[in-house]
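**Q** Using our numbering, the first residue of the sequence shown is number 171, and each one after it goes up by one.
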Amino acid sequence: MSQRPNIVFIMSDDHAAHAISAYGSKVNETPHLDRIAQDGVRMDAVYCTNSVCTPSRASILTGTYSHVNGCATIFAEFDHRVPTYSQVLQNAGYKTAIFGKWHLGESEVAQPRGFDDWKIFPGQGVYIDPPMISAEGESQEKGYATDIVTDLSLNWLNKQREEAPDAPFCLMIHHKAPHRPWVPDEKHKHLYPVGTIPEPDTLFDDHSTMSRAVQAVRMTIADDLTATDTKEELPEELKGEDARVERTRWNYQRYMRDYLQTIQSIDDNVGRVLDYLDEHGLSENTVVVYTSDQGFFLGDHGWYDKRLMFDQSLLMPMLIRWPEEIAAGSRCGAMVTNVDFAATFLDMCGIDYKKELPSQQGESFRALLRGEDVAGWQESVYYRYWEHDDPNHHVPAHYGVRTQRYKYIDYYGDGLGAPGASDRIFEREYELYDLEKDPEELTNVVDDPAYAEVLTMMRAELARLQEKVGDYPYTGPGSGHPEWNEEATQQFS
Ligand code: CA
């Protein structure tokens, strides 16, 4: 039997797959991320089950949906009675550490557990000279966040190799970048200059067939980016309604320049980690995973940010290298979600996840990474975005289902008032997209009689998935907010 593998799990924040050259990016080059894809597998259908930071991180750690782990919004703190895969790994003799973004609460009760070592940013963290928190208390770091997180990680690996050279390890390198407000490192400020970044085909989508609640979201490049985002004041002549097209272009070039520059630092630092593993003979027996907590709109549909179920936001990049088991340059199109990560990581480490982490709800996709077919593997994924009164983004609460061919979305909130509240503006609305005929998701066909049968089928599938994962449909004010699973919380309490 071969030695148990190590895991290096690199996760960035808001890095869309279409800003990685291994995924065919039209806007940037990421040579070091591409190394992982060339030596391993590119996952093409990894979906987030709730496309915002805190919920995605909670789902990844625990292998559960938001309604089970209780982290349904970015305002939630992590409840440690819900067991995590890192606790299981630690109990199994793995050395565990996390550095960088945590964003599951920094109060004493919500700080990382199940880690031998950790050092995290409070809240969202900052890019330059970030404060950090560890078991020893607060510290003030000097330098650029992405470099600092990598330095801490490599220093930890050095220490590990001295103190416990025979113990397998799981190291989580979790970057703040490329999250808003996209502050680049000084040395990358010459890259991707304004005027050179290709625009997406749907930059001027008029959203005419979408639900009204979606039409009203405040994530438009034209009107919702601020001078903090673009790092300069919008010129007077671009402020009027008739300058919308030019304003969109002006804002797009600036926020994308900075977004891509922060990604350059991630790519450089991923290169440092890969080099370290090579130089220390660790590459063969270390699983290297690169992902982001969810996707991001890169001007697609005229938007930035995430939250909605459109593919650019829903899709997570995922590159995995594991020479012992995964063929170099392979592709995997099976549908998986962030709820499946915990099961997969434990399975890779030879741990019976159904026995050791019974609360988790995912399935291991380890066999799929080897290119094997898994009978009965999921062909649809469930999504639910719980926030409905976000004062900044005005995204409606909604849930839905994506299959390989179709996507159905039920917006039961309206993004402004809570469902049922007196300030509610929009009634419940629905969308249906045929991803084969309309891969850009520009035409909502929910009212098209030709899709009546598809609509019935997708609504039934949504109901089936909701029941399967233990969630409830929204039926009116006060409904649809199940308590997190009490039983799931007993294992390590
Ligand atoms: Ca995020």
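Where a beta carbon is used, it is the ideal one built from N, C-alpha and C, also for glycine.
Taking only heavy atoms of ligand 1 into account, decide whether any of them is closer than 6 Å to the Cβ of C223.
**A** Yes.
**Q** Do you know how far the Cα of E597 is from the Cα of T400?
**A** So the two alpha carbons sit approximately 35 Å from each other.
**Q** How would you label Y642, buried or exposed, when you count the other beta carbons within 10 angstroms and need 16 or more for buried?
**A** Exposed is the call here.
**Q** Does the count of Cβ pairs from the segment 373–388 and the segment 432–441 closer than 8 Å reach three?
**A** Cβ pair count under 8 Å is below three, so no.
**Q** Could you tell me whether the Cβ atoms of I190 and V458 are closer together than 7 Å?
**A** Cβ distance not < 7 Å, so I190 and V458 don't count as in contact.
**Q** Residue range of the beta strand (DSSP E) that A666 falls in?
**A** For residue 666 there is no data in the structure shown, the boundaries of the chain being 171 and 663.
**Q** Indicate the three-state DSSP secondary structure (helix, strand or coil) for R414 in the structure shown.
**A** Helix, per DSSP.
**Q** Taking the C-alpha atoms as reference points, what is the distance between L361 and R427?
**A** One C-alpha to the other measures close to 7 Å.
**Q** Could you check how far apart the C-beta atoms of Q464 and M479 are, in whole angstroms? I think they sit under 8 Å.
**A** Going by Cβ atoms, the distance from Q464 to M479 rounds to 11 Å, so no, they are not a contact pair.
**Q** Which residue's Cα is closest to the Cα of H307: V571, S277, R442 and C241?
**A** For the sequence presented, residue 307 should be read as Gly rather than His. G307 has its Cα closest to that of S277, out of V571, S277, R442 and C241.
**Q** I need the straight-line Cα distance from Q482 to F467, nearest angstrom please.
**A** Rounded to the nearest angstrom, the two C-alpha atoms are 6 Å apart.
**Q** Let me check one thing: in DSSP terms, what residues is R118 bridge-paired to?
**A** The structure shown does not extend to residue 118, since the chain is modelled only from 171 through 663, so no value can be given for it.
**Q** Looking at the unbroken beta strand (DSSP E) that takes in H563, where does it start and where does it end?
**A** Premise fails: H563 is in no beta strand (DSSP E) and is neither H nor E.
**Q** For ligand 1, any of its heavy atoms closer than 6 Å to the Cβ of D183?
**A** The answer is yes for D183.
**Q** Looking at Y582 and A567, is the spacing between their C-beta atoms short of 7 Å?
**A** For A567 and Y582, yes; Cβs fall inside 7 Å.
**Q** First and last residue of the beta strand (DSSP E) that includes H273?
**A** Neither: H273 is in no beta strand (DSSP E) and is coded neither H nor E.
**Q** Counting only the same chain and skipping the five closest in sequence on each side, list residues whose C-beta sits under 7 Å from that of V258.
**A** Answer for V258: L516, I521, E526 and L527, listed in chain order.
**Q** For C502, tell me which candidate among Q530, W473, I268 and L539 has the shortest Cα-Cα distance.
**A** With distances taken between Cα atoms, C502 lies closest to L539.
**Q** What beta strand (DSSP E) runs, 3 residues minimum, are completely inside the segment 247–325?
**A** 265–270, 287–290, 301–304 and 307–310, all fully within the segment 247–325.
**Q** Less than 8 Å between the CB atoms is what I'm expecting for V178 and I343, so what's the real figure, rounded?
**A** At roughly 7 Å, the Cβ-Cβ gap stays under 8 Å, so V178 and I343 are in contact.
**Q** If you run the structure through DSSP and keep just helix, strand and coil, what is W420?
**A** The answer is helix: DSSP assigns W420 an H, G or I state.
**Q** For the candidate residues H471, F245, M518 and L395, whose alpha-carbon lies nearest to that of D560?
**A** Closest option to D560, Cα to Cα, is F245.
**Q** Is any heavy atom in ligand 1 found nearer than 6 Å to the beta carbon of D463?
**A** Correct: D463 has its Cβ closer than 6 Å to ligand 1.
**Q** Just list the residues that DSSP pairs E599 with in beta bridges.
**A** Answer by DSSP bridge pairing, in chain order: Y581.
**Q** With the cut-off set at 7 Å, would you say Y235 and V639 are in Cβ contact?
**A** Yes, the Cβ-Cβ distance between Y235 and V639 is below 7 Å.
**Q** Please identify the residue among I391, V296 and Y264 whose C-alpha is closest to the C-alpha of D286.
**A** The shortest C-alpha separation from D286 is found at Y264.
**Q** In terms of residues, what are the limits of the alpha helix (DSSP H) holding T398?
**A** Here the alpha helix (DSSP H) through T398 covers A397 to T400.
**Q** Would A347 and S182 be called neighbours here (beta carbons separated by less than 7 Å)?
**A** Contact flag set, yes.
**Q** May I ask you to verify whether the segment 489–504 touches the segment 202–218, counting CB pairs closer than 8 Å and requiring at least 3?
**A** As far as the Cβ criterion goes, the segment 489–504 touches the segment 202–218, which means the pair count is three or higher.
**Q** How about W547 and T243: are their beta carbons less than 7 Å apart?
**A** Not a contact, by the Cβ cut-off of 7 Å.
**Q** Out of D336, T254 and V387, which one is the CA nearest neighbour of D584?
**A** The shortest Cα separation from D584 among D336, T254 and V387 belongs to V387.
**Q** What are the start and end residues of the beta strand (DSSP E) that includes F179?
**A** Run containing F179: N176 to S182, per the beta strand (DSSP E) assignment.
**Q** For P370, count neighbouring C-beta atoms within 10 Å of its own C-beta (all shown protein chains included) and say buried if the count is 16 or more, exposed if not.
**A** Label assigned to P370: buried.
**Q** So what's F480 in DSSP terms, helix, strand or just coil?
**A** Here F480 sits in coil by DSSP.
**Q** To the nearest angstrom, report how far apart G469 and D394 are at their CA atoms.
**A** Answer to the nearest angstrom: the Cα atoms are 12 Å apart.
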